[in-house]
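Every position in the sequence shown, counted from 1, becomes a number in our numbering once 114 is added.
C-beta atoms are modelled at their ideal positions from N, C-alpha and C, and glycine is treated no differently.
Report on the structure given below.
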Amino acid sequence: NRFDDNAVVESADLDAHVWLYDPLLQRIRNKAYGGPGLDLVERKVKGLVQGCVCDHTSSQSWSYNEFTGQIQHLGTMGLCLNVDKNLYVVYCDTALLSQKSTLTSSTPKYR
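And the structure:
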């Protein structure tokens with residue numbers, strides 16, 4: 115078998131769309147880039163969310179509900195991550211598909 119450079123690039127591109135949730139630190143970070151985490155820039159309805167270096171401030175605190183698939187911002191009551199063309203927060207609504215996510219836990223497994 116020959117090593118396929120395109121497969122490596124495609125794999126890295128896919129990882130750019132994978133986000134990991136750490137329930138202990140209550141942070142969501144990008145799998146491909148490791149450091150960048152989700153940060154709520156504007157504390158309001160339709161407030162902008164973007165990736166930035168994790169600094170453990172309250173603007174980067176999130177809670178993931180495995181049952182509803184929603185990601186709720188912990189610093190703003192009742193606001194959930196909404197994914198359309200952009201990332202922003204709106205009032206939590208379990209009927210909105212744009213609020214459904216599947217996250218992988220990044221918490222280490224101990225025996």
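- Taking L188 as reference, the option from S212, T171, K214 and T208 with the minimal CA-CA separation is T171.
- Here S215 has G183 and I185 as same chain residues with Cβ atoms under 6 Å from its own Cβ, once five neighbours each way along the sequence are excluded.
- Residue environment: G192 is assigned as exposed (fewer than 16 neighbouring CB atoms within 10 Å of its CB, all protein chains considered).
- Here V163 is not near Y135, since their CB atoms are 7 Å or more apart.
- Contact check for Q174 against N196 fails: the beta carbons are separated by 7 Å or more.
- Considering only C194, L139, A209 and N179, the residue with the shortest C-alpha distance to R157 is C194.
- If only complete runs of 3 or more residues are kept, the stretch 126 to 188 shows the beta strand (DSSP E) at 133 to 136, 141 to 144, 150 to 154, 161 to 167, 176 to 178 and 185 to 187, in order along the chain.
- Shown here, L201 sits in a strand according to DSSP, grouped into three states.
- Contact between G165 and L152 holds: CB atoms are separated by about 6 Å, below the 8 Å threshold.
- Taking every protein chain shown into account, the CB of Y178 has 16 or more other CB atoms within 10 angstroms, so this residue is buried.
- When rounded, the separation of the alpha-carbon atoms in V167 and P137 is 18 Å.
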